[in-house]
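See below for the structure under consideration.
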Amino acid sequence: MNPDEIRQQLLEGGAAPLVLMRFRPAWAYIDGIREFGRFFCQTTFSDEALAERARVVIQETLENAVKYSTPGPEAELELSIFSRGEHIEISVSSLPDPAHLHTLKEEIAWINATDAEQAYVTAFERAATDAGGGSRLGLARIRYEGNVELSVAEQEDGRIRISARGRL
Amino acid sequence: MSELEQVQVPEVENVTLALDGAGTLTLTGTIAIWDPSERLGPFFQQVHAAALRDARSVLRVDVTGLSFVNSSAIRLFVDWATWLRKEPESRRYQLRFVTDRKITWQRTSFAALAALAKGIVVVEHKE
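Protein sequence lines, in the order shown, are assigned to chains U and G. Going left to right, the first sequence walks through residues -17 to 150 as my numbering numbers them. Going left to right, the second sequence walks through residues 1182 to 1308 as my numbering numbers them.
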């Protein structure tokens, strides 16, 4: 089941997004939104560890979305946080540079096929041998530190949604 | 006088840096800027070079007050371990990160870094 189907199922089941925010893909917003997400999860679920996990997921998904967004009025980002039963889902949709999509899908497929801790250590090894490259630690970090499963869904209008789903 | 005392400490938003001649760099706050490698990378390189000139056996980096960082900042610590690994063993110092196990990113990321740079990076937990 892809994230859009999960989202649809949640909505049909009566779940509403706990958080739904839309904003321009500007770096200046990330700090504030990350800390709001942390505060929100801590307050709603009374769970400090969950709040820390949410903080990592929000920071890294938003950074990724801002760095690879296309310019223009259609490029706004959407952050949503859902919870139902024992699960929470944090997702960010964006309109990325199409050239980035293939790399993103490959990276997520590799991370999901690998033990979360091992994927993070391997990402460190890759960073150590890739002098001058970008960090490329973010997605592996989300999965390991956030303790979530990652997925990416493409939409017809060229937007994509990266979702991180885990247990509360 | 220690070479470390000659290193100019930069001002970077949301993080306070303190470097003493006894061999401890202390970072406090958060690092979540766009490209920490531009703002902090040259400073870390200068600290590394000064530690080598001082022929230090250990350099401590106290991150217990660093409540959050992005992955680009974590990458800086990976780079630091890589610079050390490229040095001849006789010149290397031990890069000792002082961490707080209660802070998730510190527990996970420094464990991964220590696994990557065995014998070079040591992680110390402050109670």
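Using N, Cα and C, we set each Cβ at its ideal position, and we do this for glycine too.
Within chain G, S1252, I1255 and R1256 have C-beta atoms less than 7 Å from the C-beta of U/L119, given in sequence order. With its beta carbon at least 7 Å from every one in chain G, U/W92 lies outside the interface.
Residue range H69 to S76 is occupied by the beta strand (DSSP E) that includes U/I72, with no alpha helix (DSSP H) assigned at that position.
By alpha-carbon distance to U/A10, the top candidate from U/E45, U/L83 and U/V1 is U/E45.
Per DSSP, the continuous alpha helix (DSSP H) segment holding U/I12 begins and ends at I12 to F27.
Bridge pairing for U/I144: U/V74 and U/V134 [DSSP].
Of all residues in the stretch 1289 to 1305 of chain G, only T1289, S1290, A1292, A1293, L1294, A1296, L1297 and A1298 come within less than 9 Å of chain U when Cβ atoms are compared, listed by chain position. Close to U/Y126, with beta-carbon spacing below 7 Å, are these residues of chain G in chain order: T1289.
Under DSSP, G/T1197 shares a beta bridge with G/T1209. Residue contact with chain U for G/T1280: absent (no Cβ-Cβ distance below 7 Å to any residue of chain U). F1249: these are the residues of the stretch 1223 to 1250 of chain G whose beta carbon lies less than 8 Å from some beta carbon of chain U, given in chain order. With a 10 Å radius around the Cβ and a threshold of 16 neighbouring Cβ atoms, G/N1251 comes out buried. Counting the other Cβ atoms within 10 Å of the Cβ of G/A1293 gives 16 or more, which makes it buried.
About 6 Å separates the beta carbon of G/L1297 from that of U/E107, a gap short enough to meet the 8 Å contact definition. Per DSSP, reduced to three states, the secondary structure at G/D1235 is coil, with no helix or strand assignment. Between the stretch 1228 to 1244 of chain G and the stretch 1200 to 1209 of chain G, the count of C-beta pairs closer than 8 Å reaches three or more; the two stretches touch. By the C-beta density criterion, U/F21 is exposed, having fewer than 16 other C-beta atoms within 10 angstroms. Around U/I72, no beta-carbon contact reaches into chain G at under 9 Å, the shortest distance being about 16 Å. Proximity of chain U to G/T1197 at the Cβ level (cut-off 8 Å) is not reached, the minimal Cβ distance being about 16 Å. In this structure, G/F1249 is the residue among G/A1295, G/F1249 and G/E1268 with its C-alpha nearest to the C-alpha of G/K1283.
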